[in-house]
Amino acid sequence: MEMYRSKLVSAEEAVKVVKSGDFVRYGYSFTKPTALDMELAKRKDELYEVNIGCATCPMKFYTVEADPTTTHFRYNSGHMTAPERYLHDKGLAYYAPSAFGQAPDWYRMGYSKSDVVMIAVCPMDKHGYFNFGPQATYIKAICEMARTVIVEINPSMPRALGGFEEAIHISEVDMIVEDPRADVPLPDIKNPPPTPEDTKIAELIVEEIPDGACIQLGIGAMPAAIGEMIAQSDLKDLGIHSEQLCEAMMNMYLAGKVTGRRKALLPGKITYTFSMGSKRFWEWIDDNPVLANCPVYFTNYPQYIMANDNFISINNTLEVDLTGQACSESKGTRMISGSGGQLEFAYGSFFSKGGKSFLAMTSTYERKGVRASRIVPTLTPGAVVTTPRPIVHYLVTEYGKVILKGKSNWQRAELLISIAHPDFRDDLVKEAEKLGIWRRTAKIE
């Protein structure tokens, strides 16, 4: 095609459009380009104050590694993975707080800059479209608002069907880069096997799920364990409307548990905005018409979530205080992940007819050989409240599940201490008394 040939340039040539002070967007997760990032890193000494944005990206950033001073390149992540946490801990990355479902509007309204977009995409199809792969998220929005859009062809990117806003037409693209360095298979990511605590938590949640429910699973080993248990259950006619599509959901579908017949939005389709998984999982996604990759506002806006009856939202959390405030993204001031869509799904699922929202966590964690309770009198200083206490519905540990909706602070303290690890309950009662939220008649068995 003549238009294609006219826009074809080398990665070295393409990155010359970047100017000092620009905000360069790498899209989301696996749309982060490889060859373009390498070539932009080589321009370090020519550029100053270039911000780079991406999120949930487990890939190497050559630009960031090239500039340990952050004078030339500054990385901003909307959601941290392990490699991004490493950069953050070294002072080479910054967290950009986000309510994930709002992200497309932030760009379209001009709240977030998008000067140059560089994204890895699937090869162009016969209709002139470059598919974004399994992460529609906010990518179309950043492309619409950019001064320059550059696509880097990754032949190994699985093609994720829509949905909508899952691709960009060649007429909307300024430059096309073909480079052997860009042929990068998506990482083969597997969750660790569930612990006995994960299995117990999964049992407590799965028994709350009715036939025909619409499921959302968050990021992490525990939600994945819950999905695997659903795949082995007697549940039927389930639907999926989720921010993340994970391998457990594939197994739920392959086990015949998911039909989507009772969904109000996109019935029969598995709706999602991004995904993480194994090689087998990527092969399942590729050109699969049962999947609908949609922009994040469609998956995460509460009004769309609540449109599906019996919506079940299941997410992980890290720390909860005795009044029910949930921190799911940081340990003190250290970022672990991000806000994501947890709040949006917790809010939307409650207003779904028959809907429920679950926050799950093991009762304790171990750090440097010391065991500590995840249920605490007050959150660790600097901890971020991801889901406010009025929004938390069910909280689950391996010791039980409690409903916090409609409860006063003394009731919340009593309920939360009842599902804390037994070794920490007496101390939590003493702290609750100091905080003035413990009734002397309250009993913990």
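Numbers 16 to 460, taken from our numbering, label the letters of the sequence shown in order. No residue lacks a Cβ here, since even glycine has one placed at the ideal position from N, Cα and C. Keep in mind the model is a prediction, meaning the values are calculated, not measured.
The segment 314 to 325 makes no contact with the segment 188 to 197, as fewer than three CB pairs between them are under 8 Å. Note that the C-beta distance between P119 and A156 is below 9 Å. A direct Cα-to-Cα measurement between E258 and K215 gives close to 25 Å. Just measuring C-alpha positions, the residue of T78, T46, C69, R100 sitting nearest K57 is T78. Cβ neighbours of L333 within its own chain (closer than 6 Å, five residues either side excluded): C342, S343. Within 10 angstroms of the beta-carbon of G292 lie 16 or more other beta-carbons, which makes it buried.
Going by DSSP, K22 is part of no beta strand (DSSP E) but of the alpha helix (DSSP H) stretching over 17 to 22. Look at the segment 388 to 453 and you find these whole runs of alpha helix (DSSP H), each 4 residues long or longer: 424 to 433, 437 to 449. Taking C-alpha positions only, D324 is separated from A228 by approximately 7 Å.
Around the CB of V311, 16 or more other CB atoms lie within 10 Å, so the residue is classed as buried. Apart from the 5 residues on each side of it in sequence, E180 sits with its Cβ closer than 6 Å to the Cβ of A151, K155, P310 in its chain, given in chain order. For the segment 316 to 377, the continuous beta strand (DSSP E) assignments of 3+ residues that do not extend past its boundaries occur at 326 to 331, 334 to 336, 371 to 375, in sequence order.
Q357 is the residue among Q357, I351, V335, D302 whose C-alpha sits nearest the C-alpha of S328.
With fewer than 16 neighbouring CB atoms inside 10 Å of its own CB, R295 falls in the exposed class. By the Cβ-count criterion, S364 is buried, with 16 or more other Cβ atoms from all chains shown falling within 10 Å of its own Cβ. F145 places its beta carbon less than 9 Å from that of V136. Around M350, the same chain offers M95, R100, H103, Y110, E344 as residues with beta carbons nearer than 7 Å, after the five sequence neighbours per side are excluded. Non-local beta-carbon contacts of W297 in its own chain, meaning distances under 7 Å to residues more than five positions away in sequence, involve P173, L201 in chain order. Shortest Cα-Cα distance from G355 to any of T86, S92, Y63 involves S92.
Note that the segment 47 to 56 touches the segment 20 to 33; at least 3 beta-carbon pairs, one per stretch, sit closer than 8 Å.
F88 and A26 have their alpha carbons spaced roughly 18 Å apart. A distance below 9 Å separates the beta carbons of S367 and F326. Check the Cα spacing between I255 and each of A307, E222, D213: the tightest is with A307. The residue from L232, I234, M244, P225 with its alpha-carbon nearest to that of P211 is M244. Within the DSSP secondary-structure output, G68 pairs in a beta bridge with R40, N91.
Separation of the CB atoms of A108 and Y90 is rounded to 4 Å, and the pair is thereby assigned contact status at 8 Å. Non-local C-beta neighbours of G178 in its own chain, meaning closer than 7 Å and more than five positions away in sequence, comprise A151, A307, N308, C309, ordered along the chain. Going by DSSP, V273 is part of no beta strand (DSSP E) at all; its letter is neither H nor E. Residue environment for V385: exposed (fewer than 16 other C-beta atoms within 10 angstroms of its C-beta). With a threshold of 16 other beta carbon atoms within 10 Å, D213 meets it and is buried. Boundaries around E80 are those of the alpha helix (DSSP H), 77 to 81, since no beta strand (DSSP E) includes it. The three-state secondary structure of N146, taken from DSSP, is strand. Y380 and D336 have their C-alpha atoms spaced approximately 15 Å apart. The continuous alpha helix (DSSP H) containing V221 extends over residues 211 to 221. In its chain, beyond the 5 residues on either side, L394, V400, P403, R404 have a beta carbon closer than 7 Å to the beta carbon of Q340.
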